[in-house]
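Chemist: Once you've had a glance at the structure underneath, I'll fire off some questions.
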Amino acid sequence: MASHFIGRLTVTPAFVMAIAVSGCATRGAAPRPFPGAATPPTTRSQPDLRGPAQPDSIASGVVATALALRGTQYRNGGSEPSGGFDCSGLVQWVFARHGKALPRETREQYGIGEKIDQDEVQPGDLVFFKTVGKGPSHVGIALGGGEFVHAPSSRGVVRVESYTKTEYWADRWLGVRRIIVVSQSTQ
Numbered sequence: 001m002a003s004h005f006i007g008r009l010t011v012t013p014a015f016v017m018a019i020a021v022s023g024c025a026t027r028g029a030a031p032r033p034f035p036g037a038a039t040p041p042t043t044r045s046q047p048d049l050r051g052p053a054q055p056d057s058i059a060s061g062v063v064a065t066a067l068a069l070r071g072t073q074y075r076n077g078g079s080e081p082s083g084g085f086d087c088s089g090l091v092q093w094v095f096a097r098h099g100k101a102l103p104r105e106t107r108e109q110y111g112i113g114e115k116i117d118q119d120e121v122q123p124g125d126l127v128f129f130k131t132v133g134k135g136p137s138h139v140g141i142a143l144g145g146g147e148f149v150h151a152p153s154s155r156g157v158v159r160v161e162s163y164t165k166t167e168y169w170a171d172r173w174l175g176v177r178r179i180i181v182v183s184q185s186t187q
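Each residue of the sequence shown is one higher than the one before, starting from 1 at the first, in the working numbering.
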């Protein structure tokens, strides 16, 4: 029993340090199973994904799915509703629900899609921030009107915030990537 207790003491500081320095830009965690066979809690509604989807409906579905996850707990390395999400896990899970496989890590997600100017952001675009260091370390899904849904570590739940009116996010803005090509008629 004593050696088990001592083993815990030697592991705990390393575990705490790993959690403290990792923030939202998790690495190496893969959703179980990919692409998100886990179902959301029954209290959350999901859009009907049957039938062929057009890009416009995919963007609307992505936004609806992300909004339905508000209140889901934050968990570093989390990649499913039942266990919680970190920022990139939320983005990956939501897009997988709509047939779009994305990389797991924030920095990898920043490297895909079409680069978009901030004044051209549309619902369903990925918005990126530099919260730790110089590169991308946080990601969320644009809702329109300068708002985004994301899984931040502070306050511990998936939520909606403004990236234009909230000084914290505005000061850390990095860029936008469009994953879903939307038709010209909706732009």
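Glycine residues also receive a C-beta, built at the ideal position from the N, C-alpha and C atoms.
Beta carbon of ARG177, beta carbon of ASP125: below 9 Å?
Modeler: Yes, the Cβ-Cβ distance between ARG177 and ASP125 is below 9 Å.
Chemist: State yes or no: is the beta carbon of ILE112 nearer than 9 Å to at least one beta carbon in chain E?
Modeler: Although the question refers to chain E, the structure presented lacks it and comprises just one protein chain.
Chemist: Note the first and the last residue of the continuous alpha helix (DSSP H) segment covering VAL94.
Modeler: That run of the alpha helix (DSSP H) goes 87-96.
Chemist: Do VAL63 and VAL149 count as a contact pair if the criterion is CB distance below 9 Å?
Modeler: yes
Chemist: Excluding five sequence neighbours on each side, which residues of the same chain lie with their C-beta closer than 8 Å to the C-beta of THR10?
Modeler: Any reading at THR10 is ruled out, since the residue's pLDDT is 36, under 50, leaving its predicted position unreliable.
Chemist: Please report the distance separating the alpha-carbon of GLU80 from that of ARG159.
Modeler: 15 Å
Chemist: LYS165: which of GLY144, ARG155 and SER154 sits nearest, CA to CA?
Modeler: GLY144
Chemist: Would you call ASP86 buried or exposed, if buried means 16 or more other Cβ atoms sit within 10 Å of its Cβ?
Modeler: A residue is called buried once 16 or more other Cβ atoms fall within 10 Å of its Cβ, and ASP86 is buried on that count.
Chemist: By how many angstroms is the C-alpha of ALA170 removed from the C-alpha of TYR74?
Modeler: If you take the alpha carbons of TYR74 and ALA170, they lie about 22 Å apart.
Chemist: With 16 other CB atoms within 10 Å as the buried threshold, where does GLU114 fall?
Modeler: exposed
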